[in-house]
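Undergrad:
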Amino acid sequence: MKFNKDIISKSEKTSFQKFLSEQSFWVTIALILICFVMYFVEEAFSSKDNVYNIARNFSFIGIMAISMTLVIITSGIDLSVGSIMGLTGIICGLFLDAQYLPEWYSKSAFYESNYVWVGIVFALIAGIIIGAVNGYLIAYLNLSSFVVTLGMMAIARSLAIVVSNNKMFYEFGPKDEMFFKLGGGQFLGLANITWLLIFLTILMGLVLNYTTYGKHVYAVGSNKKAAELAGINIRWIEMSVYMLSGFFAAISAVMIVSWMGSVTNGLGYTYELRVIAASVIGGANLMGGVGGTYGAFIGAALMETIRNSLLMAGIDPNWQGTFLGIFIVAAVWLEKVKNKKNN
1 MKFNKDIISK SEKTSFQKFL SEQSFWVTIA LILICFVMYF VEEAFSSKDN VYNIARNFSF
61 IGIMAISMTL VIITSGIDLS VGSIMGLTGI ICGLFLDAQY LPEWYSKSAF YESNYVWVGI
121 VFALIAGIII GAVNGYLIAY LNLSSFVVTL GMMAIARSLA IVVSNNKMFY EFGPKDEMFF
181 KLGGGQFLGL ANITWLLIFL TILMGLVLNY TTYGKHVYAV GSNKKAAELA GINIRWIEMS
241 VYMLSGFFAA ISAVMIVSWM GSVTNGLGYT YELRVIAASV IGGANLMGGV GGTYGAFIGA
301 ALMETIRNSL LMAGIDPNWQ GTFLGIFIVA AVWLEKVKNK KNN
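Note that our numbering has the sequence shown beginning at 1, numbered continuously upward.
1. Please report the distance separating the alpha-carbon of G184 from that of M168.
2. Assign K336 to buried or exposed, taking buried as 16 or more other Cβ atoms, counted over all protein chains shown, within 10 Å of its Cβ.
3. If you measure between the beta carbons of G143 and S59, is that distance less than 8 Å?
4. In the structure shown, what three-state DSSP assignment does F110 receive?
5. To which residues of the same chain is L150 closer than 8 Å at the C-beta, ignoring the five residues directly before and after it?
6. What does the alpha-carbon distance come out to for the pair A227 and K48?
7. Roughly how many whole angstroms lie between the Cα atoms of V280 and A331?
8. In chain order, which continuous runs of the alpha helix (DSSP H) of length 4 or greater are located wholly inside the region 44-97?
9. By the 10 Å Cβ neighbour count, where 16 or more other Cβ atoms means buried, how is W259 classified, buried or exposed?
10. I237 and V217 look like a contact to me (Cβ under 8 Å); what is the Cβ gap, rounded to whole Å?
11. Check the Cβ-Cβ distances between E171 and every residue of chain D, and say whether any is below 8 Å.
12. Whole-angstrom Cβ separation of T305 and L87, contact assumed at under 8 Å?
13. Does the separation of the CB atoms of F36 and D97 fall below 8 Å?
14. Just to confirm the assignment, what range does the alpha helix (DSSP H) spanning M312 have?
15. If I73 sits next to G289, beta carbons under 8 Å apart, how far is it from one beta carbon to the other, in whole angstroms?
16. Does DSSP put V263 in a helix, a strand or coil?
17. Cα-Cα, which of G93, F199 and I84 is closest to D176?
18. What residues are listed by DSSP as bridge partners for Q186?
19. Once the 5 residues before and after G214 are set aside, which same chain residues still bring their CB inside 7 Å of it?
20. Tell me which residues share the same chain as R274 and place their Cβ nearer than 6 Å to its Cβ, disregarding the 5 neighbours each side in the sequence.
21. Could you give the distance in angstroms between the alpha-carbon of I34 and the alpha-carbon of I63?
22. If distances are taken between C-alpha atoms only, which option among M85, E43 and G76 comes closest to L267?
23. Using a Cβ-Cβ cut-off of 7 Å (strictly less than) and excluding sequence neighbours within five positions of N192, which residues of its own chain qualify?
24. Rank F40, T264, I276 and L190 by C-alpha distance to the C-alpha of G76 and give the top, closest one.
25. Is F323 helix, strand or coil when you go by DSSP?
26. In the DSSP assignment, find the unbroken alpha helix (DSSP H) run with A278 in it and report its ends.
27. What does a CB cutoff of less than 6 Å around M255 pick up in its chain, not counting 5 residues either side in sequence?
28. Answer yes or no: do M243 and G135 have a C-beta to C-beta separation smaller than 8 Å?
29. Can you give the beta carbon distance from M38 to M287, rounded, assuming they're within the 8 Å contact cut?
30. To the nearest angstrom, report how far apart V27 and V329 are at their CA atoms.
31. Taking the alpha helix (DSSP H) that L31 belongs to, which residues open and close that run?
32. Between which two residues does the alpha helix (DSSP H) holding T212 run?
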């Protein structure tokens, strides 16, 4: 009887009770504590400009961490997101800088009217295509996600170098101010990129929790064989999350190029580690089946807050990697402890 009561009590947990048991809740508490301590340690930490900068900086990572969380939920990993960001950023810059385009196109009326949107669209399409290649090799050819995305990481970075010819793109034509406002603008005290992160966090959270697609993503990660027997197209689900990963990396690329006003082939270098870390710290389980968009959001926020706090406290920023590694190991260990307890 006691066993049955335990099962019933677990199933009757409210959404709030479930949130309290999630890793993302404790990450939120850690973030609040760090902010509380830094408020007294360094007055400038809580200044409007610093809070704005923290929110803006973690948004680029947070957007990619959302799609990375979906990949991890399906028991996969995408090591190529940083390189995809670099390549799509170069593609965006290439189409915006007229001196590198054929004269018949750069002198046309169509270019004058639409070149900003053409650059953005081509960058986003490139991200989707690269993600589709990753997804096809992993889902339909049954290759390891680690090996495939590791290879794509090298390929995309190499292509970024070849396409850019080791040059910086920064002359973005007569409508460059419009483009710069996209990533560099703000609304109601928050950067546009932060509002975009908030929107995507809510949107993908709703998709994961309230749509058939989202339920299938969790099902594939929890038990791929059972999901297939239940009639779920597991190959399409797997391929689609890598397409989303490439797409979100391209979104971040466009926004960061717009904010910086220039792009080089070094864009996104080592970002894959930070993106994966944000997802794992936020509660995504590398074994699959567990994770959420809020966790990706708060994980990215915690990482950037730690980096900023180290700078504010006068600590060598090179220690950031140490803290990051500790948090990743701690997050995985806590997830393992929780799984043992649940079992």
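No residue lacks a Cβ here, since even glycine has one placed at the ideal position from N, Cα and C. It should be emphasised that the depicted structure is a prediction, and the values quoted were computed from it without experimental measurement.
TA: From the atom records:
1. To locate residue 184, count along the sequence shown from 1; it is residue 184. To locate residue 168, count along the sequence shown from 1; it is residue 168. Roughly 19 Å separates the two Cα atoms.
2. Your numbering for residue 336 matches position 336 in the sequence shown. Burial call: exposed.
3. Taking the sequence shown and counting its residues from 1, the one referred to as residue 143 is at position 143. Taking the sequence shown and counting its residues from 1, the one referred to as residue 59 is at position 59. Just to set this straight, residue 143 is Leu in the shown sequence, not Gly. No, Cβ-Cβ distance for L143 and S59 is not below 8 Å.
4. By one-based count along the sequence shown, residue 110 stands at place 110. Of the three classes helix, strand and coil, the one that applies to F110 here is helix, per DSSP.
5. On the sequence shown, residue 150 is found 150 positions in, with the first residue counted as 1. If we look at L150 and ignore the five residues flanking it on each side, its Cβ neighbours are L79 and S80.
6. The sequence position of residue 227 within the sequence shown is 227, counting from 1. The sequence position of residue 48 within the sequence shown is 48, counting from 1. About 48 Å.
7. Reading the sequence shown from its first residue, position 280 is the one you call residue 280. Reading the sequence shown from its first residue, position 331 is the one you call residue 331. Approximately 7 Å, taken between the alpha carbons.
8. 48-73 and 81-96
9. On the sequence shown, residue 259 is found 259 positions in, with the first residue counted as 1. W259 is buried by the Cβ-count criterion.
10. In the sequence shown, residue 237 corresponds to position 237, counting from 1. In the sequence shown, residue 217 corresponds to position 217, counting from 1. The pair is a contact, with the Cβ atoms about 6 Å apart (cut-off 8 Å).
11. Looking for chain D here will not work: only one protein chain is present.
12. In the sequence shown, counting from the first residue as 1, residue 305 sits at position 305. In the sequence shown, counting from the first residue as 1, residue 87 sits at position 87. Taking the Cβ atoms as the reference, T305 lies roughly 29 Å from L87, outside the contact range of under 8 Å.
13. Indexing the sequence shown from 1 puts residue 36 at position 36. Indexing the sequence shown from 1 puts residue 97 at position 97. In this structure, D97 does not lie closer than 8 Å to F36 by Cβ.
14. Walking along the sequence shown from the start, residue 312 turns up at place 312. M312 -> alpha helix (DSSP H) spans T293 to M312.
15. Numbered from its first residue, the sequence shown carries residue 73 at position 73. Numbered from its first residue, the sequence shown carries residue 289 at position 289. Sure, about 6 Å apart at Cβ, within 8 Å.
16. Within the sequence shown, numbered from 1, the residue matching residue 263 stands at position 263. Residue state, collapsed to three classes: strand.
17. By one-based count along the sequence shown, residue 176 stands at place 176. For the residues G93, F199 and I84, the minimum Cα distance to D176 belongs to G93.
18. Looking up residue 186 in the sequence shown gives position 186. Looking at the DSSP output, Q186 shares a beta bridge with A191.
19. Translated into positions along the sequence shown, residue 214 becomes position 214. Result list for G214: V207 and L208, in chain order.
20. Mapped onto the sequence shown, residue 274 falls at position 274. Here R274 has I61 as same chain residues with Cβ atoms under 6 Å from its own Cβ, once five neighbours each way along the sequence are excluded.
21. Looking up residue 34 in the sequence shown gives position 34. Looking up residue 63 in the sequence shown gives position 63. Whole-angstrom Cα-Cα distance: 23 Å.
22. Position 267 of the sequence shown, counted from the start, is the residue given in the question as residue 267. The shortest C-alpha separation from L267 is found at M85.
23. As a first step, residue 192 is located in the sequence shown; it is residue number 192 there, counting from the start. So the list reads L182, G183, G185 and Q186, once near-sequence residues are dropped.
24. As a working note, residue 76 is residue 76 in the sequence shown. I276 is the residue among F40, T264, I276 and L190 whose C-alpha sits nearest the C-alpha of G76.
25. The residue given as residue 323 occupies position 323 in the sequence shown. Of the three classes helix, strand and coil, the one that applies to F323 here is helix, per DSSP.
26. Position 278 of the sequence shown holds residue 278. Y271 to I281 is the span of the alpha helix (DSSP H), which, as asked, contains A278.
27. As a first step, residue 255 must be located in the sequence shown, where it is residue number 255. The residues are G183 and I193.
28. Looking up residue 243 in the sequence shown gives position 243. Looking up residue 135 in the sequence shown gives position 135. In contact: M243 and G135 (Cβ atoms closer than 8 Å).
29. Reading the sequence shown from its first residue, position 38 is the one you call residue 38. Reading the sequence shown from its first residue, position 287 is the one you call residue 287. Their Cβ separation, rounded to whole angstroms, is 34 Å, which puts M38 and M287 out of contact at 8 Å.
30. In the sequence shown, the residue the question calls residue 27 occupies position 27. In the sequence shown, the residue the question calls residue 329 occupies position 329. V27 and V329: Cα-Cα distance of roughly 14 Å.
31. The count along the sequence shown starts at 1 and reaches residue 31 at position 31. Its alpha helix (DSSP H) spans residues Q23 to V41.
32. Along the sequence shown, one-based indexing puts residue 212 at 212. Looking at the DSSP string, the run of the alpha helix (DSSP H) that includes T212 is T212 to S222.
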